[in-house]
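Student: Taken in order, these protein sequences are the chains called A and B. Residue numbers for the first sequence, in the working numbering: 4 to 247. Residue numbers for the second sequence, in the working numbering: 7 to 232.
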Amino acid sequence: MTPSPELGHPGPALIEGRGLRRAFGRLQVLKGIDLSAAAGDALAVVGPNGAGKTTLLRILAGIMRPSGGQVRVLGEPLGRGGSVARRAIGLLSHQSLLYDDLTLTENLTFAARLYGLPRPGEAAAAALEDAGLADRAGDQPRKLSRGLLQRAAIARALIHGPRVLLLDEPFTALDAAAAERLRALLRARLGAGLAMVLVTHDLAEAWGLVTRVAVLLGGRWVADESRSGALETFLPRYHALIGV
Amino acid sequence: MSEALRLALVVAGKDLRAELRSRTALLSALVFSALVLVIFNFARDPTVLAAADLAPSVLWVTFALAATVTMNRAFTVERENGALDGLLLAPIPREAIFLGKLLANLAFVGTVEALTLPLLILFFNVDFGRALPGVVGVTALATLGFVSVGTIFGAMAVRTRFAELLLPVLLLPFMVPPIIAAVQVTSRLLAGRPLSEMGGWLRLLTLYDIVFVTLCTMVFSAVVDE
Chain A
4 MTPSPELGHP GPALIEGRGL RRAFGRLQVL KGIDLSAAAG DALAVVGPNG
54 AGKTTLLRIL AGIMRPSGGQ VRVLGEPLGR GGSVARRAIG LLSHQSLLYD
104 DLTLTENLTF AARLYGLPRP GEAAAAALED AGLADRAGDQ PRKLSRGLLQ
154 RAAIARALIH GPRVLLLDEP FTALDAAAAE RLRALLRARL GAGLAMVLVT
204 HDLAEAWGLV TRVAVLLGGR WVADESRSGA LETFLPRYHA LIGV
Chain B
7 MSEALRLALV VAGKDLRAEL RSRTALLSAL VFSALVLVIF NFARDPTVLA
57 AADLAPSVLW VTFALAATVT MNRAFTVERE NGALDGLLLA PIPREAIFLG
107 KLLANLAFVG TVEALTLPLL ILFFNVDFGR ALPGVVGVTA LATLGFVSVG
157 TIFGAMAVRT RFAELLLPVL LLPFMVPPII AAVQVTSRLL AGRPLSEMGG
207 WLRLLTLYDI VFVTLCTMVF SAVVDE
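(1) Starting from B:Val144, follow the alpha helix (DSSP H) in both directions and report where the run begins and ends.
(2) Count the other CB atoms, across all protein chains shown, that sit within 10 Å of the CB of B:Val54; report buried if there are 16 or more and exposed otherwise.
(3) Report the CB separation of A:Ile157 from A:Leu188 in whole angstroms; it is logged as a contact under 8 Å.
(4) Can you list, in chain order, the residues of its chain whose CB lies under 6 Å from that of B:Phe69, leaving out five sequence neighbours each side?
(5) Pull out every residue of the segment 188 to 210 of chain B whose Cβ sits closer than 9 Å to any Cβ of chain A, in chain order.
(6) Please compile the residues from chain B whose C-beta is within a distance smaller than 9 Å of the C-beta of A:Arg61.
(7) Using Cβ-Cβ distances below 7 Å, what residues of the segment 78 to 105 of chain B are close to chain A?
(8) Out of A:Ala198, A:Glu109, A:Leu152, A:Arg230, which one is the CA nearest neighbour of A:Glu19?
(9) Name the residue from A:Val216, A:Met67, A:Phe237 whose alpha carbon lies nearest to the alpha carbon of A:Val200.
(10) Please state whether the Cβ-Cβ distance between A:Gly43 and A:Gly232 is less than 8 Å.
(11) What's the C-alpha gap between B:Tyr77 and A:Trp224?
(12) B:Ala110 touches chain A at which residues, Cβ-Cβ below 9 Å?
(13) Using the rule of at least 16 other Cβ atoms within 10 Å of the residue's Cβ for burial, across every protein chain shown, is A:Lys56 buried or exposed?
(14) By DSSP, does A:Met4 sit in helix, in strand, or in coil?
(15) Over the uninterrupted beta strand (DSSP E) stretch that includes B:Phe129, give me the two end residues.
(16) Kindly confirm or deny that the segment 112 to 132 of chain B and the segment 144 to 152 of chain A touch, where touching means at least three C-beta pairs closer than 8 Å.
(17) Please list the residues of the segment 90 to 123 of chain A that have a C-beta atom closer than 8 Å to any C-beta atom in chain B, keeping them in chain order.
(18) For A:Thr236, count the other beta carbons within 10 Å of its own beta carbon; 16 or more makes it buried, fewer makes it exposed. Which is it?
(19) Between B:Phe46 and the rest of its own chain, which residues show a CB-CB distance below 7 Å, the 5 nearest in sequence each way excluded?
(20) Between A:Arg139 and chain B, is the shortest Cβ-Cβ distance under 8 Å, so that the two count as touching?
(21) Just to confirm the assignment, what range does the beta strand (DSSP E) spanning A:Ala40 have?
(22) Express the C-alpha separation of B:Phe152 and B:Thr145 in angstroms, rounding to a whole number.
(23) What are the start and end residues of the beta strand (DSSP E) that includes A:Ser229?
(24) A:Leu111 and A:Ala3 - do their beta-carbons sit closer together than 8 Å?
(25) Verify the CB distance criterion: does B:Ala31 have a CB-CB separation below 8 Å to chain A?
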């Protein structure tokens, strides 16, 4: 099923996947996925384990090569080098992508340098300030609680001002307050014109944030709809689709 | 300075900073080197084999094994918290990542070699004298080649469950040609032989470097991309 363009915000797609396929040996994990997200769109991708959600996200991030199809970001193919498309992507994984032997400042300064920001040290300090971690700037990631680590990971994902944010199970292990803080931050970014694709098992945490929900099953879309009603009205349909 | 080189230095600088903080690889490799030298020193019979005859082989066996221990660290550090994804996500050429990792590995292995050499002189009482610049030169030449191969195999092994075991298994056969050449050159340097006797071995080392640095840089993208 192809996601319906009219469900998204008006305007050009910031990220677009066409005919995405991926096989691991004989196992076809993605079987021709189309998707798009425009500024302000927050697409939740849900489905059971093994549906291909994380594979899809890694392909959208440019970390994994698709067996077929193409990803375009800001209208450009997602290349391997220093393309505009790559600069536009931020990834918030369930892992922090931070080095345990470096301090938060060093980690974020390194990230800022990779993205060619003009004043990496200042960018790192500002990102830590925004994440409420200025007082922990000299700490190593291993010394942080799960919630603080997630805030540091968010700072890393957003340091270069991405136009497209990809999130893989972002609410895992966060307490209620930390999850709400993350939702508030993401809402603000969506309001500022970010496009978001979020892979999650925890729809309850993400429901208030997303504008569309797409269900992935066996490597294909089986549903794609705007988030119009309450979670309680969506869940029975979702459970019926995945056979729970 | 080209953008790719700048980014390679950023990656290498990060690795050096992380290693200086933890000192995991350097300390392990240095302890390992000292242990190997002590064992070889006490295992040899000085009445049968002169220290100067054995020293080149011991030196290069120690360098090779210590380098393997050191290079394991380069990509295992990227496994923590999925950090490798952060590198691959960034808008930088894969070749710059390889070059950065290669530079960092050269710095680590070079440091271990620089600290191992005086230990060998101490244990084996070998007079390097005028041969020292030559030994340093051949060490640099041989190290560049096998560290290139070690860097690519480190990247290959990092996604496997047994990365620490896999690296030596993959790397040691590829280390044989440069180690043999380096031992031959070192022996001749210590014996004060003319440079013409070492030409063939030096050409082999140079060719090995050119082939493997080029090849490893070219295939790195295919190795790290899933």
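Don't be surprised by glycine CBs; every beta carbon is placed ideally from N, CA and C.
Tutor: The answer reads as follows:
(1) Position 138 of the second sequence, counted from the start, is the residue given in the question as residue 144 of chain B. Here the alpha helix (DSSP H) through B:Val144 covers 138 to 163.
(2) Position 48 of the second sequence, counted from the start, is the residue given in the question as residue 54 of chain B. The residue is exposed, with fewer than 16 neighbouring Cβ atoms inside 10 Å.
(3) The residue you call residue 157 of chain A lines up with position 154 of the first sequence. The residue you call residue 188 of chain A lines up with position 185 of the first sequence. That belief holds up - the Cβ atoms of A:Ile157 and A:Leu188 are roughly 7 Å apart, short of 8 Å.
(4) The residue you call residue 69 of chain B lines up with position 63 of the second sequence. So the list reads Glu119, once near-sequence residues are dropped.
(5) Flagged: no residues at all.
(6) Numbered from its first residue, the first sequence carries residue 61 of chain A at position 58. What A:Arg61 touches in chain B: Asp91, Glu232.
(7) The segment 78 to 105 of chain B vs chain A, Cβ under 7 Å: Val83, Glu86, Asn87, Gly88, Ala89, Asp91, Gly92, Leu94, Leu95, Ala96, Pro97, Ile98, Pro99, Arg100.
(8) By one-based count along the first sequence, residue 19 of chain A stands at place 16. The residue with the shortest Cα to Cα distance from A:Glu19 is A:Ala198.
(9) For this step, residue 200 of chain A is matched to residue 197 along the first sequence. If we check each option's Cα against that of A:Val200, A:Val216 comes out closest.
(10) Indexing the first sequence from 1 puts residue 43 of chain A at position 40. Indexing the first sequence from 1 puts residue 232 of chain A at position 229. For A:Gly43 and A:Gly232, no; Cβs fall outside 8 Å.
(11) Along the second sequence, one-based indexing puts residue 77 of chain B at 71. Along the first sequence, one-based indexing puts residue 224 of chain A at 221. In the sequence as displayed, the identity of residue 77 of chain B is Met instead of Tyr. Straight-line Cα distance between these residues: approximately 44 Å.
(12) The residue given as residue 110 of chain B occupies position 104 in the second sequence. Contact of B:Ala110 with chain A by beta-carbon distance below 9 Å is absent, the smallest such distance being about 13 Å.
(13) Along the first sequence, read from residue 1 onward, the residue named residue 56 of chain A stands at position 53. A:Lys56 sits buried, since 16 or more C-beta atoms from the chains shown fall within 10 Å of its C-beta.
(14) Taking the first residue of the first sequence as 1, we reach residue 4 of chain A at position 1. Caution applies to A:Met4, whose pLDDT of 45 falls short of 50 and renders its modelled position unreliable; the value that the coordinates give is listed next. Three-state result, A:Met4: coil.
(15) Translated into positions along the second sequence, residue 129 of chain B becomes position 123. Unbroken run through B:Phe129 is the alpha helix (DSSP H), 100 to 130; no beta strand (DSSP E).
(16) Segments in contact, no.
(17) Those residues of the segment 90 to 123 of chain A that come within reach of chain B (Cβ to Cβ, closer than 8 Å) are Arg90, Ile92, Leu94, Ser96, Gln98, Ser99, Leu100, Leu101, Tyr102, Asp103, Asp104, Leu105, Glu109, Phe113, Ala114, Arg116, Leu117, Tyr118, Gly119.
(18) Stepping through the first sequence from its first residue, residue 236 of chain A is reached at position 233. With fewer than 16 neighbouring CB atoms inside 10 Å of its own CB, A:Thr236 falls in the exposed class.
(19) Within the second sequence, the letter at position 40 stands for residue 46 of chain B. So the qualifying residues of the chain are Val64.
(20) Residue numbering aside, residue 139 of chain A sits at position 136 when the first sequence is read from its first letter. No, A:Arg139 lies away from the interface with chain B (no Cβ there is under 8 Å from its Cβ).
(21) Here the question's residue 40 of chain A lines up with position 37 in the first sequence. Boundaries of the beta strand (DSSP E) harbouring A:Ala40: 30 to 41, taken from the DSSP string.
(22) What you label residue 145 of chain B is simply residue 139 of the second sequence in a count that begins at 1. What you label residue 152 of chain B is simply residue 146 of the second sequence in a count that begins at 1. Going by the C-alpha atoms only, they are around 11 Å apart.
(23) Locating residue 229 of chain A in the first sequence gives position 226, where the first residue counts as 1. Element bounds for A:Ser229: 223 to 229.
(24) Residue numbering for chain A in the displayed model covers 4 to 247; residue 3 of chain A lies beyond these limits and cannot be assessed.
(25) Taking the first residue of the second sequence as 1, we reach residue 31 of chain B at position 25. By this cut-off, B:Ala31 is not an interface position.
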